[in-house]
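Colleague:
In our numbering, the protein residues as written are 68 to 866.
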């Protein structure tokens, strides 16, 4: 049956993979119903508990899918082809596509445009024309050959735009030799976050909606955007806002945007080349003017090549310009180049001290775009002082770009040169050792920063103890968060690189250590691809279970309950296979969440009781508090607050055994107060919510703070203090939206709507309940659906 069947070979996006899967189903002649029946039968025969609904299978085969469950894709291929090895091709294709998508999504958006006004030379008329064009056209496209100075020109123009409120800059990696061009959706994600849009809102928007929102938010603001190193019109178009003053640089000439002002940047004029050489050689130019002219001509007046030569001239003051010219001529002839660019870069490289040359070669191995002195020292396996000295040499020779924030970056052409030299001069074992040093630095520093960011998260503490302390220390939570924010693109880039280059354990470790930070910072795209990569790289059932658990927690925060239930079930299955009793207990506790959200309270309680026994046997206090809370809330939902209170009080007592002022205690205090509220003991409830709120604030635990604020809003409303209730619910909603937790946001919107109705603001209340209803239906939260529907019905009667 499989002869001539469509295969997934060559697909590069999830959309293409989905389209190829539909082609396979059409080719087979099987109906959607028959495909679904075969998938279900196959899973039953293999003992898999999670059986997809017909609609799930149908949606997987529907056009326009940008998310595909890899297990369902493989099951569909298996059902159609009846061949396990052919079905495995679809899993491999999904992994390849996910890797490319992940790589493209690792994007760093800066809130400033770098410009070095002291080193910029000439081109005054071009700068003036670009400034004028920005005001009238709002879009300037700068194209030209590599090394001609496009980025430098764009930075110079951006720095001279008057009265700018905001600046955004992003390298679109259009011609990066090692990584795919940046995904415009990920770039817009970065733009919107810089503009204060919460991750939860961004994640639900497609490319067009993100573009529209960006346009809307900058419409009344004076903003300059630099889109550097663009690959194509398709990459750039979604990033253009009508009112933003946008500069685009690229090696190719774009055909779209007919109203844009275009600059085809050429090499330096001879007079500009002379200025650059004079800056390096000083009065020596007056003694050998012809040599200076010939040097400029030999490298084709290319700014990058001239800058590299200028660095060499400064570093070797004992050489005459004639000496430099002769050396350049010899090198060019030997390489048989026609433009002298590679010769110029190579000569500057050769003029470096041995240790600086070595560092440059190793820096080219870094999977990310920029780095600091710590990362450079880790690659070179040297101390920071030595690394700083070598970095300064590279900057002086114009082979390395330094940003004001202590970050460094290699030009693409320099990276290519250094990569070639590394392959020629460094044995593979040396290159592997350098990357091992980098990975070890990032892993240890991440463990230390993650512990500072979440000091009461026991899982992070245990991982830090296993991995070891970094030489870098972080003073507090904000300090740790600052490092994580800055290095996140590098951490994910190195994890993806390691996954495909013989270091799978690094990817799985980063998935575990970054889980809390990525979740609380609502960095969903990065978290999802990282956890999926960890699942692919897992070498044991223990690691697979842990990685699936991380993925499930992410899906749960997003409100993707179906995906979350599937991931949690996989986590449970693998934990049992691994004999990981704590992992099994965690899996049971998490699977119970699915039952709870679907309203199957008996099943939820049964799972949590089984989990509690396992946690208790293993002495895992964190798990015990979660399992007790997981039993209490279903009891509360079905009208048994006395039973819930006993469970919550037991959980509170256990949480206090973990130490003073923990996240678990903040949760437990809130739970006990909720039971008192349900029993009508409003004074006790108020006291509990206040204690939880104050503890959450001392811990900088925004999730707990938002929850307590919302609960206190309900108590204000019960006491008739309507205005106070509205204020508390509004603050809770602001925090919940910022956190990006869709399930909790739904709950707060419903509570907020009740307070607005009590104040007679029925129309505003209906808006909140409608949003809550739509979101609750989308994530299958039946309890909040019922609350929103009932509130809307009551509001309709009022109006």
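Each residue gets a CB set at the ideal place from its N, CA and C atoms; glycine is no exception.
Report buried or exposed for residue 510, applying the criterion of at least 16 other Cβ atoms within 10 angstroms of its Cβ.
Modeller: One-based indexing of the chain shown puts residue 510 at position 443. Residue 510 should be labelled buried.
Colleague: Just to confirm, are residue 388 and residue 355 a CB contact at a threshold of 7 Å?
Modeller: On the chain shown, residue 388 is found 321 positions in, with the first residue counted as 1. On the chain shown, residue 355 is found 288 positions in, with the first residue counted as 1. Going by C-beta atoms, residue 388 is nearer than 7 Å to residue 355.
Colleague: With contact counted as at least three CB pairs below 8 Å, one residue from each stretch, are the stretch 206-223 and the stretch 293-302 in contact?
Modeller: Yes: at least three Cβ pairs fall under 8 Å.
Colleague: DSSP three-state label for residue 235, please.
Modeller: Walking along the chain shown from the start, residue 235 turns up at place 168. Of the three classes helix, strand and coil, the one that applies to residue 235 here is strand, per DSSP.
Colleague: Hey, residue 362 and residue 332: beta-carbon distance below 7 Å or not?
Modeller: Taking the first residue of the chain shown as 1, we reach residue 362 at position 295. Taking the first residue of the chain shown as 1, we reach residue 332 at position 265. Taking 7 Å as the Cβ cut-off, residue 362 and residue 332 do not qualify as a contacting pair.
Colleague: Nearest by alpha-carbon distance to residue 636: which of 624, 611, 626, 823 is it?
Modeller: Taking the chain shown and counting its residues from 1, one reaches residue 636 at position 569. For the residues 624, 611, 626, 823, the minimum Cα distance to residue 636 belongs to 611.
Colleague: I need the boundaries of the beta strand (DSSP E) containing residue 328, first residue and last residue.
Modeller: For the purposes of this step, residue 328 is identified with residue 261 of the chain shown, where counting begins at 1. Element bounds for residue 328: 328-331.
Colleague: Which residues mark the beginning and the end of the beta strand (DSSP E) in which residue 290 is found?
Modeller: As a working note, residue 290 is residue 223 in the chain shown. Here the beta strand (DSSP E) through residue 290 covers 290-297.
Colleague: Give the DSSP-derived three-state secondary structure of residue 207 in the structure shown.
Modeller: Here residue 207 corresponds to residue number 140 of the chain shown, with the count starting at 1. Strand at residue 207.
Colleague: When you compare only the Cα positions, how much space is there between residue 370 and residue 279?
Modeller: Residue 370 sits at position 303 when you count from the first residue of the chain shown. Residue 279 sits at position 212 when you count from the first residue of the chain shown. When rounded, the distance between both Cα atoms is 38 Å.
Colleague: Here's the rule I'm using: 16 or more other beta-carbon atoms within 10 Å means buried, otherwise exposed. How should residue 349 be labelled?
Modeller: Translated into positions along the chain shown, residue 349 becomes position 282. Flag for residue 349 reads exposed.
Colleague: Out of curiosity, what's the CA-to-CA distance linking residue 460 and residue 337?
Modeller: Position 393 of the chain shown, counting from 1, holds the residue named residue 460. Position 270 of the chain shown, counting from 1, holds the residue named residue 337. Taking the straight line joining both Cα atoms gives about 28 Å.
Colleague: Hey, out of 573, 554, 547, 395, whose CA is closest to residue 534's CA?
Modeller: Taking the first residue of the chain shown as position 1, residue 534 is located at position 467. Selected option, being the one with the closest Cα: 573.
Colleague: Could you spell out the range, first to last residue, of the beta strand (DSSP E) harbouring residue 98?
Modeller: Walking along the chain shown from the start, residue 98 turns up at place 31. Residue 98 -> no beta strand (DSSP E), and no H or E assigned at all.
Colleague: Do residue 128 and residue 886 come within 7 Å of each other at the CB atom, strictly closer than that value?
Modeller: Any property of residue 886 remains undetermined from this structure, which presents the chain solely from 68 to 866.
Colleague: Specify whether the stretch 420-435 and the stretch 470-485 touch according to this definition: at least 3 beta carbon pairs, one from each stretch, less than 8 Å apart.
Modeller: Yes, the stretch 420-435 touches the stretch 470-485.
Colleague: Within 10 angstroms of the Cβ of residue 750, are there 16 or more other Cβ atoms? Answer buried if so, exposed if not.
Modeller: Along the chain shown, one-based indexing puts residue 750 at 683. Its Cβ having fewer than 16 others within 10 Å, residue 750 is exposed.
Colleague: Identify the residues that DSSP records as bridge partners of residue 819: which are they?
Modeller: Walking along the chain shown from the start, residue 819 turns up at place 752. DSSP lists no partner for residue 819.
Colleague: What are the boundary residues of the beta strand (DSSP E) that includes residue 537?
Modeller: As a working note, residue 537 is residue 470 in the chain shown. No beta strand (DSSP E) holds residue 537; DSSP gives it neither H nor E.
Colleague: With DSSP collapsed to three states, give me the class of residue 441.
Modeller: Within the chain shown, residue 441 is the residue found at index 374, counting from 1. Residue state, collapsed to three classes: helix.
Colleague: Does the Cβ-Cβ distance between residue 717 and residue 723 come in under 7 Å?
Modeller: Counting from 1 along the chain shown, the entry for residue 717 is found at position 650. Counting from 1 along the chain shown, the entry for residue 723 is found at position 656. Cβ atoms of residue 717 and residue 723: not closer than 7 Å.
Colleague: Taking the alpha carbon of residue 828 as the point to measure from, which residue in 853, 593, 789, 849 has its own alpha carbon closest?
Modeller: By 1-based counting over the chain shown, the position of residue 828 is 761. The candidate whose alpha carbon is nearest that of residue 828 is 789.
Colleague: Less than 7 Å between C-beta atoms, sequence neighbours within five positions excluded: which residues of the same chain meet that for residue 435?
Modeller: Taking the first residue of the chain shown as 1, we reach residue 435 at position 368. Result list for residue 435: 556, 557, 560, 561, in chain order.
Colleague: So, using beta-carbon positions, are residue 579 and residue 550 closer together than 7 Å?
Modeller: Reading the chain shown from its first residue, position 512 is the one you call residue 579. Reading the chain shown from its first residue, position 483 is the one you call residue 550. Cβ atoms of residue 579 and residue 550: not closer than 7 Å.
Colleague: Mind pulling the alpha helix (DSSP H) runs of 4 or more residues that sit fully within the stretch 720-764?
Modeller: Within the stretch 720-764, the complete alpha helix (DSSP H) runs of at least 4 residues are 730-745.
Colleague: Leaving aside the five residues before and after residue 342 along the sequence, list all residues of the same chain whose C-beta is less than 7 Å from its C-beta, in chain order.
Modeller: Along the chain shown, read from residue 1 onward, the residue named residue 342 stands at position 275. Here the set comprises 188, 189.
Colleague: Pairs of beta-carbons, one from the stretch 602-610 and one from the stretch 621-633, closer than 8 Å: are there three or more?
Modeller: With the cut-off at 8 Å, the stretch 602-610 and the stretch 621-633 do not touch.
Colleague: Give me, in chain order, the residues of the same chain whose beta-carbon lies closer than 7 Å to that of residue 692; leave out the 5 immediate sequence neighbours on both sides.
Modeller: In the chain shown, counting from the first residue as 1, residue 692 sits at position 625. Counting only Cβ-Cβ distances below 7 Å, and skipping sequence neighbours, we find 718, 721, 722, 731, 735.
Colleague: Using a threshold of 7 Å, state whether the C-beta atoms of residue 784 and residue 822 are closer than that.
Modeller: As a working note, residue 784 is residue 717 in the chain shown. As a working note, residue 822 is residue 755 in the chain shown. For residue 784 and residue 822, yes; Cβs fall inside 7 Å.
Colleague: Where does residue 870 sit, in a helix, a strand or coil, going by DSSP?
Modeller: One cannot answer for residue 870 here, as it falls past the ends of the chain, which runs 68 to 866.
Colleague: Can we count residue 726 as close to the ligand ZN, meaning its CB is less than 6 Å from some heavy atom?
Modeller: Ligands are entirely absent from the displayed structure, and the ligand ZN is therefore not among its contents.
Colleague: Leaving out five residues before and five after residue 520 in sequence, what residues of the same chain have Cβ atoms less than 7 Å from its Cβ?
Modeller: As a first step, residue 520 must be located in the chain shown, where it is residue number 453. Contacts found: 544, 547, 548, 551, 584.
Colleague: Nearest CA to the CA of residue 663: which residue from 235, 700, 638?
Modeller: Position 596 of the chain shown, counting from 1, holds the residue named residue 663. Closest by alpha carbon: 700.
Colleague: Report yes or no: do the stretch 141-148 and the stretch 654-668 share at least 3 C-beta pairs separated by less than 8 Å?
Modeller: No contact exists between the stretch 141-148 and the stretch 654-668.
Colleague: Report yes or no: do the stretch 828-846 and the stretch 793-812 share at least 3 C-beta pairs separated by less than 8 Å?
Modeller: A contact exists between the stretch 828-846 and the stretch 793-812.
Colleague: Quick one: grab the DSSP three-state call for residue 405.
Modeller: Working through the chain shown from its first residue, we reach residue 405 at position 338. With a pLDDT of 40 at residue 405, under the threshold of 50, the predicted position of this residue should be treated as unreliable, and no value is reported.
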